[in-house]
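2 protein chains.
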Amino acid sequence: MTLPSEMRGLLLVGDGYSKTPSASVPEAMEPYLKPGSIAVPAPGPTQALIKVSLASINPSDIAFITGQYGQPRVQGRPAGFEGVGIVASTGDDPYAKSLAGKRVAFATGVSNWGAWAEYAVAEAASCIPLLDTVRDEDAAAMIVNPLTALAMFDIVREEGERAFIMTAGASQLCKLIIGLAKQEGFRPIVTVRRDEQIPLLKGLGAAHALNEKAADFEAALREVVKAEQPRIFLDAVTGPLASAIFNAMPKRSRWIVYGRLDAEATVIREPGQLIFQHKRIEGFWLAEWMRQFRDRLGPAVLEAQKRFSDGRWSTDVTAVVPLDEAMARLSEELVKPNGKVFVKP
Amino acid sequence: MTLPSEMRGLLLVGDGYSKTPSASVPEAMEPYLKPGSIAVPAPGPTQALIKVSLASINPSDIAFITGQYGQPRVQGRPAGFEGVGIVASTGDDPYAKSLAGKRVAFATGVSNWGAWAEYAVAEAASCIPLLDTVRDEDAAAMIVNPLTALAMFDIVREEGERAFIMTAGASQLCKLIIGLAKQEGFRPIVTVRRDEQIPLLKGLGAAHALNEKAADFEAALREVVKAEQPRIFLDAVTGPLASAIFNAMPKRSRWIVYGRLDAEATVIREPGQLIFQHKRIEGFWLAEWMRQFRDRLGPAVLEAQKRFSDGRWSTDVTAVVPLDEAMARLSEELVKPNGKVFVKP
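So this is what it looks like as structure tokens:
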């Protein structure tokens, strides 16, 4: 494959971290991204350079470009944590070389050369050779959400209680978890922001779907908690909603924060519950999980490909936005509910 | 021993729990306690009736009488979680009978017949026959604080880091922990509310003692945290002070709440730290620890008696208040720093 010397991409405006909380979807991308041309990077010894076919946008990407994520930004480099494409060149490491020419799902991780560009760099270990039966739309969103879903559902399964609670119930991630839960007879309780999402999520397997904006939300929540006794709370939101849910949960409950969609203050309403009810608060980060449970990664990746191939899982597509239109269209596409937005270089 | 039919005691005014947070020391005792006479109770089969010589007042007692503790109040029964006295009668259980006539430290636990009265009821298993070398002032405060100190220092020791942080550094409990820590080469970092407490606590073995009221407190805290890298935070306070400390602590820190002296809102300043820095928030309750680690109780009790006998530990006495004067004097005595207040029936 002949490589050009330059490539187009959506480049980071900021550097490092930001102290200012920002909205979960910015009203405009200009403060965070600018389109530009930069030199095509060379992969390191254990890395692959991938010609990107399609890249996805996750909430963690938005947190990253706004400086709210757990990794520092490098100004002028392309953003985008994951995508799908063809391996165009590799380093000298034998495993990296074995990927040459293959179609892979990839996560850019700490390479600092993200997926919202014509070419991206990823560690070979973070590239997954794909079955032909996996669509580009599924492959481009196959790592961050599906592996997080499998890892977090593992936590639910180990806790042993059938019922568990999730905020942001209509997110792609939660839908994946609902699918896993239904299959094994677990009872997800989810919160949503729109009534029309309720039948959809119940259809997928949610035991209860509560509208957090409803006037009787807290009363409905207490009733459901009393009946179902959920002890795991997978939380993408924090802020007042999450505080209320944790407060209503029974003894020995665990509030597991994996996202921060609400920038409002997160209050522990009754710290006495930590003491007398043995409740606790912790976090989940896929990168940390992969460090701690390396042996579970291979099986999880295979499981994800099978599920996307046979249709048990399927990524809902809100929009596929060409790279050139991204600055103008991303904000309006990202606020639409229920599906995923992709960037097509 | 001939038993009277009636006894005097400080009786609970409230029933069950209260939803209203109250000050760590109430301005008056009347809303919570009233002096009165009631029938001397009969011990159950596995219980002992103790003629109380001296009873202590812990922060957990105040939380209990105001309805903020993890156990419900029973209106009209005496308050008081621990004390020292002579076993006046027992149930028929052989171990209970073996305690007859002995001087014991006792915890009333769930008996609902507390120590702030002429007679109290405790499970025989919660009575500790005393060495003659242990003073009444030490024996009356030998269970709640010393066992909590030994149990929480165990958590510090297991974590492995030399440095750890404690709020309410001048409390009896923290002084006990500082003593344990000094002996094993650990480095306690404590917060206090008065400058004059600083040399005292450094003398006992605190590596750093910071005045939380000082203008440069947060800067001083950051500097100490950077130098010492503490990962365990034993917190009696919650509220803004505890939030600031947890926020300043490094990766993988654990905020362990065991008290709620500040009724102000407890905010998780940066929930992202739970995700990306693997920090977590949990609670400690002696009753829960005793349930989980039954085998550690006997050795801990023996260790506590030895320390009080040979002078390594010693309870600082603020006041010994006769039962008849308690209603009038307790509030003013309890606000005095550095020592413990006792009730003498």
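Quick mapping for you: the protein sequence lines, in order, are chains F and C. Yeah, the first sequence ends on 352 if you go by our numbering, and it's all consecutive. Yeah, the second sequence ends on 352 if you go by our numbering, and it's all consecutive. Think of the CB as a built atom: it goes at the ideal place given N, C-alpha and C, for glycine as much as any other residue. A quick note: this is a predicted structure, and the numbers were derived from the prediction, not measured.
Distance, residue j Cα to residue i Cα
i, j, result
"glutamate 89/F", "alanine 147/F", "6 Å"
"alanine 35/F", "methionine 173/F", "28 Å"
"threonine 9/C", "isoleucine 275/F", "52 Å"
"tyrosine 76/C", "alanine 114/C", "16 Å"
"arginine 84/C", "serine 118/C", "10 Å"
"glycine 21/F", "glycine 116/C", "58 Å"
"valine 163/F", "leucine 281/C", "18 Å"
"leucine 341/C", "methionine 334/C", "12 Å"
"proline 353/C", "valine 232/C", "There is no way to answer for residue 353/C, as the model of chain C reaches only from 8 to 352."
"phenylalanine 291/C", "tyrosine 265/C", "5 Å"
"isoleucine 150/C", "alanine 307/C", "10 Å"
"tryptophan 296/F", "aspartate 202/F", "34 Å"
"proline 136/C", "glycine 23/C", "32 Å"
"glycine 98/C", "glycine 87/C", "21 Å"
"isoleucine 157/F", "glutamate 165/F", "Correcting the residue type first, residue 157/F is leucine in the shown sequence and not isoleucine. Distance between the alpha carbons of leucine 157/F and glutamate 165/F: 12 Å."
"glutamine 78/C", "phenylalanine 71/C", "7 Å"
"isoleucine 288/F", "glutamate 289/C", "6 Å"
"glycine 43/F", "valine 59/F", "16 Å"
"asparagine 152/C", "alanine 311/F", "52 Å"
"proline 38/C", "leucine 19/C", "9 Å"
"serine 12/C", "alanine 49/C", "10 Å"
"methionine 159/F", "glycine 74/C", "37 Å"
"asparagine 345/C", "glutamine 82/C", "31 Å"
"glycine 318/F", "valine 327/F", "20 Å"
"asparagine 218/F", "glycine 305/C", "52 Å"
"alanine 214/C", "alanine 122/C", "36 Å"
"threonine 245/F", "threonine 273/C", "14 Å"
"serine 31/F", "isoleucine 69/F", "7 Å"
Buried or exposed by the 16-neighbour rule on C-beta atoms within 10 Å, applied to residue i
i, result
"glycine 210/C", "exposed"
"glutamine 299/F", "exposed"
"aspartate 143/C", "buried"
"glutamate 125/F", "buried"
"glutamate 235/C", "buried"
"glutamate 339/F", "exposed"
"serine 96/F", "buried"
"proline 206/C", "exposed"
"lysine 26/F", "exposed"
"glutamate 130/C", "buried"
"glycine 167/C", "exposed"
"arginine 140/C", "The displayed chain sequence assigns threonine, not arginine, to residue 140/C. Classification of threonine 140/C: exposed, given that the 10 Å Cβ count is below 16."
"alanine 243/C", "buried"
"aspartate 331/F", "exposed"
"glycine 108/F", "exposed"
"arginine 261/C", "buried"
"lysine 286/F", "buried"
"aspartate 54/C", "According to the sequence provided, residue 54/C is glutamine. The question's aspartate does not apply to it. Flag for glutamine 54/C reads buried."
"lysine 220/C", "exposed"
"arginine 80/F", "buried"
Inter-residue CB distance, residue i and residue j (contact presumed, cutoff 8 Å)
i, j, result
"valine 111/F", "valine 128/F", "Contact flag wrong, Cβ pair sits at about 12 Å."
"lysine 347/F", "threonine 322/F", "6 Å"
"phenylalanine 349/F", "leucine 61/F", "5 Å"
"leucine 17/F", "leucine 40/F", "5 Å"
"proline 194/F", "alanine 170/F", "Checking the displayed sequence, the identity of residue 194/F turns out to be arginine instead of proline. About 4 Å; that satisfies the 8 Å criterion."
"phenylalanine 283/C", "aspartate 145/C", "No, phenylalanine 283/C and aspartate 145/C are not in contact; Cβ-Cβ is about 46 Å, not under 8 Å."
"proline 66/F", "aspartate 100/F", "Between aspartate 100/F and proline 66/F the Cβ distance is about 32 Å, and since that is not below 8 Å, they are no contact."
"glycine 176/C", "leucine 208/C", "6 Å"
Chain F contact for residue i (CB, 8 Å cutoff)
i, result
"valine 32/C", "no"
"valine 163/C", "no"
"valine 264/C", "yes"
Chain C within 8 Å of residue i, Cβ atoms only
i, result
"tyrosine 39/F", "no"
"glycine 77/F", "yes"
Test: residue i CB closer than 8 Å to a CB of chain D
i, result
"proline 237/F", "In the displayed structure, chain D is absent; the protein chains listed are F and C."
Point to revise | Interfacial residues, the stretch 237-258 of chain F to chain C, with Cβ spacing under 7 Å | key: Thr245
Check your understanding: Of the residues that make up the stretch 267-280 of chain F, which ones have a beta carbon closer than 7 Å to any beta carbon in chain C?
Key -> Arg267, Ala272, Thr273, Val274, Ile275, Pro278 and Gly279
Check your understanding: For the stretch 277-309 of chain F, which residues have a CB atom closer than 8 Å to at least one CB atom of chain C, in sequence order?
Key -> Cβ contacts with chain C come from Pro278, Gly279, Gln280, Leu281, Ile282, Phe283, Gln284, His285, Lys286, Arg287, Ile288, Glu289, Gly290, Phe291, Trp292 and Glu295.
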